[in-house]
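Heads up: the structure comes next, in structure tokens.
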Amino acid sequence: MRSRVIGCALGLSLALASAASAADKVSDGVVRIGILNDLSGIYSDFTGRGSAVAAQIAIDEMGGKVLGAPVELVAADHQNKPDIAANLAREWFDQGKVDMIADFPTSSTALAVMEIAKQKNRVTMLSAGVAMAAITDKCSPLNAQWMVNTYALAAGTAKALLKAGRKSWYFVTADYTFGHSLEKDASAVVEAEGGKVLGVSRHPFPGGDFSSFMLKAQASGAQVIALANAGNDTINAVKQAAEYGIGRSDKQVIAPLLTYITDVKSLGLAKAQDMYLTEAFYWDYDDRSRAFAEKYFAKMKRMPSASQAAVYSAALNYLKAIQAAGTDEAGAVMATLRTMTIDDAVIRNGRLRADGALVHDLLLLQVKKPAESKRDWDFYDVRAVLKGDDVYPKPSDACPLNAKG
Amino acid sequence: MSDITLQAFMAQLTVGLIGGCFYAMLSMGLAIIFGLLNIINFTHGAQFMMAAFLAWIGLTQVGPWLGQPDLQVNFWLALVLAPALVAVFGMAIERTLLRRLYHLDHLYGLLLTFGVALVMEGGFRYFFGVSGQGYEPPEILQGPVDVGFMLLPKYRVFVVVASLLICFATWYLFERTKLGAYLRAGTENPRLLQAFGINVPVMITLTYGFGVALAGIAGVLAAPIMQVTPLMGGSLLNIVFAVVVIGGLGSILGAMVTGLGLGLIEGLTKVVYPEASTVVVFVIMALALLVRPAGLFGREA
Amino acid sequence: MTSTQKIFAALVLAALVVPFVPGLIYPIFVMKVMCYGLFACAFNLLLGFTGLVSFAHAAFLGTAGYVTGALMIRFGAHPLGVPAAFAAGVAAAALVGFAIGGLAIRRRGIYFAMITLALSQIVYFLAVQFRWTGGEDGLQGIPRGSLLGLDLASDTVMYYVALALFCAGFLFVERVVHSPFGQILQAVRDNEARATSLGYDAGRFQLLAFVLSAAVAGYAGALKALVFGLVSLNDVSLHTSTEVVLMTLLGGVGTLLGPLVGAALVVGLQNYLATIGDLVTVVIGLIFIVCVSFFRRGLVGEFLHWRRRRAERARPLPAREPPVVAKVA
Numbered sequence: 066m067r068s069r070v071i072g073c074a075l076g077l078s079l080a081l082a083s084a085a086s087a088a089d090k091v092s093d094g095v096v097r098i099g100i101l102n103d104l105s106g107i108y109s110d111f112t113g114r115g116s117a118v119a120a121q122i123a124i125d126e127m128g129g130k131v132l133g134a135p136v137e138l139v140a141a142d143h144q145n146k147p148d149i150a151a152n153l154a155r156e157w158f159d160q161g162k163v164d165m166i167a168d169f170p171t172s173s174t175a176l177a178v179m180e181i182a183k184q185k186n187r188v189t190m191l192s193a194g195v196a197m198a199a200i201t202d203k204c205s206p207l208n209a210q211w212m213v214n215t216y217a218l219a220a221g222t223a224k225a226l227l228k229a230g231r232k233s234w235y236f237v238t239a240d241y242t243f244g245h246s247l248e249k250d251a252s253a254v255v256e257a258e259g260g261k262v263l264g265v266s267r268h269p270f271p272g273g274d275f276s277s278f279m280l281k282a283q284a285s286g287a288q289v290i291a292l293a294n295a296g297n298d299t300i301n302a303v304k305q306a307a308e309y310g311i312g313r314s315d316k317q318v319i320a321p322l323l324t325y326i327t328d329v330k331s332l333g334l335a336k337a338q339d340m341y342l343t344e345a346f347y348w349d350y351d352d353r354s355r356a357f358a359e360k361y362f363a364k365m366k367r368m369p370s371a372s373q374a375a376v377y378s379a380a381l382n383y384l385k386a387i388q389a390a391g392t393d394e395a396g397a398v399m400a401t402l403r404t405m406t407i408d409d410a411v412i413r414n415g416r417l418r419a420d421g422a423l424v425h426d427l428l429l430l431q432v433k434k435p436a437e438s439k440r441d442w443d444f445y446d447v448r449a450v451l452k453g454d455d456v457y458p459k460p461s462d463a464c465p466l467n468a469k470g
Numbered sequence: 006m007s008d009i010t011l012q013a014f015m016a017q018l019t020v021g022l023i024g025g026c027f028y029a030m031l032s033m034g035l036a037i038i039f040g041l042l043n044i045i046n047f048t049h050g051a052q053f054m055m056a057a058f059l060a061w062i063g064l065t066q067v068g069p070w071l072g073q074p075d076l077q078v079n080f081w082l083a084l085v086l087a088p089a090l091v092a093v094f095g096m097a098i099e100r101t102l103l104r105r106l107y108h109l110d111h112l113y114g115l116l117l118t119f120g121v122a123l124v125m126e127g128g129f130r131y132f133f134g135v136s137g138q139g140y141e142p143p144e145i146l147q148g149p150v151d152v153g154f155m156l157l158p159k160y161r162v163f164v165v166v167a168s169l170l171i172c173f174a175t176w177y178l179f180e181r182t183k184l185g186a187y188l189r190a191g192t193e194n195p196r197l198l199q200a201f202g203i204n205v206p207v208m209i210t211l212t213y214g215f216g217v218a219l220a221g222i223a224g225v226l227a228a229p230i231m232q233v234t235p236l237m238g239g240s241l242l243n244i245v246f247a248v249v250v251i252g253g254l255g256s257i258l259g260a261m262v263t264g265l266g267l268g269l270i271e272g273l274t275k276v277v278y279p280e281a282s283t284v285v286v287f288v289i290m291a292l293a294l295l296v297r298p299a300g301l302f303g304r305e306a
Numbered sequence: 059m060t061s062t063q064k065i066f067a068a069l070v071l072a073a074l075v076v077p078f079v080p081g082l083i084y085p086i087f088v089m090k091v092m093c094y095g096l097f098a099c100a101f102n103l104l105l106g107f108t109g110l111v112s113f114a115h116a117a118f119l120g121t122a123g124y125v126t127g128a129l130m131i132r133f134g135a136h137p138l139g140v141p142a143a144f145a146a147g148v149a150a151a152a153l154v155g156f157a158i159g160g161l162a163i164r165r166r167g168i169y170f171a172m173i174t175l176a177l178s179q180i181v182y183f184l185a186v187q188f189r190w191t192g193g194e195d196g197l198q199g200i201p202r203g204s205l206l207g208l209d210l211a212s213d214t215v216m217y218y219v220a221l222a223l224f225c226a227g228f229l230f231v232e233r234v235v236h237s238p239f240g241q242i243l244q245a246v247r248d249n250e251a252r253a254t255s256l257g258y259d260a261g262r263f264q265l266l267a268f269v270l271s272a273a274v275a276g277y278a279g280a281l282k283a284l285v286f287g288l289v290s291l292n293d294v295s296l297h298t299s300t301e302v303v304l305m306t307l308l309g310g311v312g313t314l315l316g317p318l319v320g321a322a323l324v325v326g327l328q329n330y331l332a333t334i335g336d337l338v339t340v341v342i343g344l345i346f347i348v349c350v351s352f353f354r355r356g357l358v359g360e361f362l363h364w365r366r367r368r369a370e371r372a373r374p375l376p377a378r379e380p381p382v383v384a385k386v387a
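Residue numbers (the working numbering), protein chains in the order written: chain A, 66 to 470; chain B, 6 to 306; chain C, 59 to 387.
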């Protein structure tokens, strides 16, 4: 990897000698995008290699160049450790000529790198990071939360289900900040719209056996069992609920608040069928999303997850913003991004807010029954398009950037 | 608390008992291995995971690999084959690597098995990803059965019965038969046993294989309940370690009773204060150590 | 000067010039090595010189990091903020060390290790539950503050302060090892019954060593929090506890320089492996296996052993056992 980067750098300096003027506006004569995520651990299925592949598609679509300077990609595994993430980011910024870093499947790595990027005047784009802290008390002018946040996910699912008359809720929550915030945001919506929260079970992470919690949820008689957890916890909870026959009738449905298509893939439609969930992207939504997804599929032999798709969109719009701003200086690029209407294969009706939240349309999805699925990855029916303004949180006072505007 | 009916309470206890069965099987295997080899088998969780994966591979992958999509290794066959394969794999490691460390501090055995566990976990992750795979229980065990106070999946009933039988048989084998007497003598005085004409090194290898096979059986039994992932064993192992310490390292009866007991306590904690349902095991361990440093069933003072 | 001191002095001299040759080694990387080097020294103080294996050392590193970090966030601007937060972090680590050690010391050998492992899980649980630790978000943006009028926000100033603190920590460990106290610890390790019969309360000495080791681990944790401005659950995780075992083992248990070498290798490896991805766990696992099977003395240990053998061949002396952990019954 490293030698390849050096090779590229050599080639680059030769190119520069001939076209020095073109790249004047680009620092170090190159725009380098870093993908920092989990290549080997529990988040590697929905980020991992696929994120780098998605970013490369965006770079290729831009012709591999912006303002005459070449665009390059570097990727590394932060092993879900914030100090490794922080060190890589520092090194990339200080010595690696990296201008923007994207992805971050864990909140601790995202927040750590955001802090460093702010100090070094570089851009971060959280395409997998969904923590509310990133757009509230830890917000940064040089950060964009490109996919979604826990509030929008929770509110999206909650509003849609309440509208369908499902008023009583029970939460099975991972005992962690992200679980708590999913639960808190969803319950706020439930109560505001006249629903009722009948109970909560907070489980340790990772959970293992969920039958106990799911039985309690079932016994509560709630119409919705909301899972405020993620990844293997969600999978195990759904799987074990199916074992006990929970959530199989129309009287009681299961709604996982943070689910990726990779989770549904690994659960299988037989177990996951009928669940409601909110995602920022579904590959089979329309022709544009399918066109992108097929490009991705050709390289990865899998369909992109919402966060992998978001990396594509983040990289694409970042490059477009550099083009429009005429420079790759972080502040100017972010200012340009804030004026743009984001509309591409992945993100629709997007607008970047001062606090870094990218407000855009989300999709309310329901998992298909096995018989309805025509091919692999044909998993969802799109039940509704949720307008960004309806589901995103109001700008928080905790973020100083909101006060100015 | 007051809003919990007796029915719900019984249901939670039952669920706790199911968890306890896994703890019991895993901690018995650990106790057996520690008893004879003086090695803390950090690979136990990975071996548990490997068996679950082998079962899944047998059910869904072997056929396509061999170009015969209809070929399946069913659950019952996997219940025998997977633990046996894992045991063979374990014995190969014992023969080639662990054996070299017996004359050294326990630490080295522990670190070696830890390294092996990392390689196994990383390897499975590399080939099969992390989101894991689903495994269906055999048809005859699908669906629920009414046990009076709740609808219990048939498969869970099977797990309880099967694991209790296995635990009891293991205990009987080690504590009540001549073979068990040899094995226990092997821990006390291997040289004397050798003098009686028993091949102690082979006995050690087989014992390790047996302990590992117990983890393997637990793994296959767990496959239809938990998502089959490379990490499914690792998170369980910490709790099982605590179980073994509470029961007294090397005590087979202790491991079994403590495993089941802690499953029940964990089940109850999930009703009262679910946040603490994992950590409660460690708190109990700390308390147990204050009262009985040798563990509840430990032999040495 | 012993040869260890000479080599250490040479390493420090080399470290002094690092900021002047930016292309050579990345100074932040050196600071990370220093933090983990101290952490491994702390662990080695326990394992190498008392024979006790702890799987709780991350709990000390992390506790000190959280305490120092939380205090710096609140009082970092105060002129005495840095030393006070540092001291509080180390004290907190020592306290947690006393609690865990006091309980674990009731059992020996492998039991001891298992108990520390289980108790460190409680610390992890608390770190998730408490609000002031930031849960799984951890603490970010911890200010570095200033020390003796020096603004630590500059990477170069921080580098030299960290280097000074690192030297102080290392020399402290070296002093402990060579002090009468250190000699008693080794006597207890080699033959507990004999030491007891000589009137030494073995348990008390071991507990004291445990607390000292926890305090030094805390010292490393506090430094790490200050240098990198972040503390996370990873710092209190079992994973970090096993990493420090690997560092010590790889470098050489019971040697003073071994942990430093091990820390540099493991940290370097993590950085390197970050770009190859996928197989990190497998590579680390293989290193464990190779180390335990073929390299039990560690790199520094093997080197010392080789040199001693060569010296023995030159002038025959009564053989001395290499510093491998004694068998604990």
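We put the beta carbon where it would ideally sit given N, CA and C, even for glycine.
Identity of the residue in the options nearest residue i by Cα
i                      : options                    : result
residue 19 of chain B  : B:296, B:294, B:279, B:265 : B:265
residue 146 of chain A : A:158, A:125, A:169, A:129 : A:169
residue 246 of chain B : B:273, B:115, B:169        : B:115
residue 276 of chain C : C:60, C:81, C:154, C:91    : C:154
residue 117 of chain C : C:352, C:271, C:348, C:229 : C:271
Boundaries (first-last residue) of the beta strand (DSSP E) holding residue i
i                      : result
residue 151 of chain B : 149-151
residue 190 of chain C : It is not in any beta strand (DSSP E) - residue 190 of chain C carries neither H nor E in the DSSP assignment.
residue 266 of chain A : 261-268
residue 370 of chain A : No beta strand (DSSP E) holds residue 370 of chain A; DSSP gives it neither H nor E.
residue 445 of chain A : 445-451
Residue environment, residue i, which counts as buried when at least 16 other CB atoms sit within 10 Å
i                      : result
residue 234 of chain A : buried
residue 72 of chain A  : Note on residue 72 of chain A: pLDDT 47, under 50, position unreliable in the model; no value is reported.
residue 342 of chain A : buried
residue 109 of chain C : buried
residue 86 of chain A  : The pLDDT assigned to residue 86 of chain A is 47, lower than 50, so where the model puts this residue is not dependable, and the model offers no usable value.
Residue i versus residue j - alpha carbon distance
i                      : j                      : result
residue 346 of chain C : residue 160 of chain A : 32 Å
residue 265 of chain A : residue 237 of chain A : 6 Å
residue 141 of chain C : residue 350 of chain C : 40 Å
residue 269 of chain A : residue 271 of chain B : 12 Å
residue 296 of chain B : residue 346 of chain A : 56 Å
residue 71 of chain B  : residue 409 of chain A : 44 Å
residue 125 of chain C : residue 164 of chain B : 46 Å
Listed by chain order, chain D residues near residue i by CB distance under 8 Å
i                      : result
residue 259 of chain A : Among the chains of the structure shown, chain D does not appear; the protein chains present are A, B and C.
Terminal residues of the alpha helix (DSSP H) in which residue i lies
i                     : result
residue 85 of chain B : 80-101
residue 41 of chain B : 11-42
**Message:** If the cut-off is 9 Å on Cβ atoms, which residues from the region 256-288 of chain C count as contacting chain A, listed in chain order?
**Reply:** 282, 286, 287, 288
**Asked** Name the residues in the region 276-299 of chain A whose C-beta lies less than 9 Å from a C-beta of chain B; which are they?
**Response** 276, 277, 278, 280, 281, 284, 296, 297
**Request:** Using a Cβ-Cβ cut-off of less than 8 Å, give me the residues of the region 148-171 of chain A that come near chain C, in sequence order.
**Result:** 148, 149, 151, 152, 153, 155, 156, 159, 160, 171
**Request:** Please name the residues in the region 368-400 of chain A whose beta-carbon is closer than 7 Å to at least one beta-carbon of chain B, in chain order.
**Result:** none
**Request:** Report the residues of the region 113-147 of chain C with a CB closer than 7 Å to any CB of chain B, ordered along the chain.
**Result:** none
**Asked** Taking any Cβ of chain B, which residues in the region 150-173 of chain C have a Cβ under 9 Å from it, in chain order?
**Response** 161, 162, 164, 165, 167, 168, 169, 171, 172, 173
**Item:** Within 7 Å of chain B by C-beta, residues of the region 300-314 of chain C in sequence order
**Value:** 300, 303, 307
**Message:** Which residues of the region 37-48 of chain B have a Cβ closer than 7 Å to any Cβ of chain C? Give them in chain order.
**Reply:** 45
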